[in-house]
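Report on one structure; see the data block that follows.
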Amino acid sequence: MTGIDPAPRPRHVHPQRWSFVLLLALLALALGTSALPSPLYPIYAAQWDFGPLTTTVIFAVYSVGALGAALTVGPISDAVGRKPVLVTALATILVGLVIFLFATDLWQLLLARFLHGAAIGATIVVSGAALLDVRPHDGARNGAVSGAALNAGIALTVLGAAAAAQWSSVPLRLPYAIMLVIVIGLLAATIALVEPHTGRTGAKIRLTAPSVPSEIRADFWFAGIGILTAWSVLGVFLSLYPALAQNTTGQTSVLFVGSVIAVMAAAAAAAQFLGGRFAPRPTAIVGDLGMIVALMGAILAVRSGSTVAIVVDALVLGAVFGLAFGGSLRYLSEVTPADARGRVMSAYYLLGYLAMGVPTVIAGALATRYGTAAVFPWFAAAVALACLGAALLGLFGQRPHPIDERPVQL
Numbered sequence: 001m002t003g004i005d006p007a008p009r010p011r012h013v014h015p016q017r018w019s020f021v022l023l024l025a026l027l028a029l030a031l032g033t034s035a036l037p038s039p040l041y042p043i044y045a046a047q048w049d050f051g052p053l054t055t056t057v058i059f060a061v062y063s064v065g066a067l068g069a070a071l072t073v074g075p076i077s078d079a080v081g082r083k084p085v086l087v088t089a090l091a092t093i094l095v096g097l098v099i100f101l102f103a104t105d106l107w108q109l110l111l112a113r114f115l116h117g118a119a120i121g122a123t124i125v126v127s128g129a130a131l132l133d134v135r136p137h138d139g140a141r142n143g144a145v146s147g148a149a150l151n152a153g154i155a156l157t158v159l160g161a162a163a164a165a166q167w168s169s170v171p172l173r174l175p176y177a178i179m180l181v182i183v184i185g186l187l188a189a190t191i192a193l194v195e196p197h198t199g200r201t202g203a204k205i206r207l208t209a210p211s212v213p214s215e216i217r218a219d220f221w222f223a224g225i226g227i228l229t230a231w232s233v234l235g236v237f238l239s240l241y242p243a244l245a246q247n248t249t250g251q252t253s254v255l256f257v258g259s260v261i262a263v264m265a266a267a268a269a270a271a272q273f274l275g276g277r278f279a280p281r282p283t284a285i286v287g288d289l290g291m292i293v294a295l296m297g298a299i300l301a302v303r304s305g306s307t308v309a310i311v312v313d314a315l316v317l318g319a320v321f322g323l324a325f326g327g328s329l330r331y332l333s334e335v336t337p338a339d340a341r342g343r344v345m346s347a348y349y350l351l352g353y354l355a356m357g358v359p360t361v362i363a364g365a366l367a368t369r370y371g372t373a374a375v376f377p378w379f380a381a382a383v384a385l386a387c388l389g390a391a392l393l394g395l396f397g398q399r400p401h402p403i404d405e406r407p408v409q410l
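Residue numbering for the sequence shown follows full-length UniProt numbering, starting at 1 and increasing by one per position.
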């Protein structure tokens, strides 16, 4: 015995090289799973005999679960680590997929969507935080790449689900079975992941209410209206628009519906990635103004009944959606004080999930009474006006002087 203690082992291990790719894959999986039922809604409606309101309620239940997760999992993952939250979220996604796979009643769809909302909201928030843990000095690139991954996940999943449903004798089963296998693989990889958050506190979890410091209030509402309009469009296009596109064009193929959504999501992914090279505020303004044009184009495309017009407008709408949402998110990230990022981002996504749920259900209720084709132009016009408001705020809004430092509670 020499009496010399061995050197202490390091407390934390550096994350594996593949951890960044895995986290991007989890982001893609999250939004992909959220959009997975979208091309299947017309089949559900036909086989289970329910209307637009039921479709939008099924869709919007997701936002309730996601909202709860977005407001709570950040502080939880700060305290206990990213990995335990991600593993729990992926396990919950698996449970929701199993319910979808064997669902025979409406309440089961609602339960599965709620579970997926909570799990996907947790995955998005915590994976985004873990990307900064893995690459802490590359926040701008992380934001652009993660935004592209989210939309790419929608495009690939929706197209794959539509193809599986198109050529399967069990169209409401096979897409979920395939996704089950993918999630199991990613869950195994996440279990093997070294905890990326080396600064976890282990302290008592403290949840704070979403709020906005007064000095960035104008900036917040510029970005906030941006996510309100963008996610309102996303909600309707992932719930009501598939059946509307089928009815107006006469295309009954599930693959057609999946292609329209996939084109929109792929264009959004490309726009967010490429838009990251430009200043965020003007990028968001261009996106807001572009959405006005694209929404008016959507009205004309639906009225024309042209398959080509609907696909082209979906491409344009996806691109300007990506610029509007990506630009507003990057701008808000730039102007938010470091000590207020958590509560400001919670407020931002609070608006987003409300926009994804509330306008979608209202549109569904009106569509049940008056018909989706009659309601859609009014919805598009209302969102276009909101886009104009966001653009005007971006062009002429002035940041107020920080006279009152008390935050505004939302």
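All C-beta atoms in this analysis are idealised placements derived from N, C-alpha and C, irrespective of residue type, glycine included.
Here's the rule: buried if 16 or more other CB atoms are within 10 angstroms of the residue's CB, otherwise exposed. What is residue 82? Along the sequence shown, one-based indexing puts residue 82 at 82. Under this definition residue 82 is a buried residue.
Alpha helix (DSSP H) containing residue 226: first to last residue? If you number the sequence shown from 1, residue 226 lands on position 226. Unbroken alpha helix (DSSP H) run through residue 226: 217–239.
So, are the CB atoms of residue 375 and residue 381 less than 7 angstroms apart? One-based indexing of the sequence shown puts residue 375 at position 375. One-based indexing of the sequence shown puts residue 381 at position 381. Against a cut-off of 7 angstroms, the Cβ pair of residue 381 and residue 375 comes out as no contact.
Is it buried or exposed for residue 235, if we count other Cβ within 10 angstroms and need 16 for buried? Along the sequence shown, read from residue 1 onward, the residue named residue 235 stands at position 235. Flag for residue 235 reads buried.
How would you write the range of the alpha helix (DSSP H) that residue 170 sits in, first residue to last? Walking along the sequence shown from the start, residue 170 turns up at place 170. Unbroken run through residue 170: none, as it is neither H nor E.
With a cut-off of 8 angstroms on the beta carbons, I'd call residue 158 and residue 35 a contact; round off their distance for me. Mapped onto the sequence shown, residue 158 falls at position 158. Mapped onto the sequence shown, residue 35 falls at position 35. Indeed they touch by this definition, with Cβ atoms about 5 angstroms apart.
Residue burial classification, residue 146 (beta-carbon count within 10 angstroms, cutoff 16): Stepping through the sequence shown from its first residue, residue 146 is reached at position 146. It is buried - the Cβ of residue 146 has at least 16 other Cβ atoms within 10 Å.
Where residue 194 falls: helix, strand or coil (DSSP): Start at 1 with the first residue of the sequence shown, and residue 194 comes out as number 194. Residue state, collapsed to three classes: coil.
As an exercise, report each continuous alpha helix (DSSP H) stretch of at least 4 residues that is fully enclosed by the stretch 269–319, in chain order. 280–304
Could you tell me the boundaries of the alpha helix (DSSP H) in which residue 108 lies? In the sequence shown, the residue the question calls residue 108 occupies position 108. First-last of the alpha helix (DSSP H) with residue 108: 106–134.
If you count every other CB in all the chains shown that lies within 10 Å of the CB of residue 424, and 16 or more means buried, which is it? Any question about residue 424 goes unanswered here, given that the chain covers just 1 to 410.
What did DSSP end up calling residue 211 once you bin it into helix, strand or coil? Sequence index remark: in the sequence shown, residue 211 carries index 211 (1-based). The answer is strand: DSSP assigns residue 211 an E or B state.
Under 7 angstroms, do residue 285 and residue 394 count as touching if we go by C-beta distance? Stepping through the sequence shown from its first residue, residue 285 is reached at position 285. Stepping through the sequence shown from its first residue, residue 394 is reached at position 394. Yes, these two residues count as a Cβ contact at 7 angstroms.
Between the stretch 116–134 and the stretch 20–38, do at least 3 Cβ pairs fall closer than 8 angstroms? yes
Take residue 195 as the anchor and find which of 346, 213, 129, 51 has the nearest alpha-carbon. If you number the sequence shown from 1, residue 195 lands on position 195. With distances taken between Cα atoms, residue 195 lies closest to 129.
Close beta carbons around residue 119, own chain, < 6 angstroms, minus the five adjacent residues each side: The residue labelled residue 119 in the question sits at position 119 within the sequence shown. Taken in chain order, the residues that qualify are 89, 92, 93.
Euclidean distance between Cα positions of residue 391 and residue 370: Along the sequence shown, one-based indexing puts residue 391 at 391. Along the sequence shown, one-based indexing puts residue 370 at 370. Each residue's Cα considered, the two are about 31 angstroms apart.
Boundaries (first-last residue) of the alpha helix (DSSP H) holding residue 253: The residue given as residue 253 occupies position 253 in the sequence shown. Counted as a single uninterrupted DSSP element, the stretch harbouring residue 253 is not any alpha helix (DSSP H), since DSSP gives it neither H nor E.
Please report the straight-line C-alpha distance between residue 33 and residue 161, rounded to a whole angstrom. One-based indexing of the sequence shown puts residue 33 at position 33. One-based indexing of the sequence shown puts residue 161 at position 161. Cα to Cα, residue 33 sits roughly 10 angstroms from residue 161.
Span of the alpha helix (DSSP H), counted from its first residue to its last, around residue 78: Counted from its first residue, the sequence shown places residue 78 at position 78. From DSSP, the alpha helix (DSSP H) with residue 78 extends over 52–80.
Have a look at 191, 113, 253 and flag the residue whose alpha-carbon is nearest the alpha-carbon of residue 168. Mapped onto the sequence shown, residue 168 falls at position 168. Selected option, being the one with the closest Cα: 253.
Chain D contact for residue 236 (CB, 7 angstroms cutoff): Considering every chain present, this structure includes no chain D. It has just one protein chain.
Take the Cβ of residue 18 as the centre, count every other Cβ of all protein chains shown within 10 Å, and call the residue buried at 16 or more, exposed below. Taking the sequence shown and counting its residues from 1, the one referred to as residue 18 is at position 18. Classification of residue 18: exposed, given that the 10 Å Cβ count is below 16.
Quick check: what's the CA-CA separation for residue 109 versus residue 396? Numbered from its first residue, the sequence shown carries residue 109 at position 109. Numbered from its first residue, the sequence shown carries residue 396 at position 396. Their backbone Cα atoms lie some 45 angstroms apart in a straight line.
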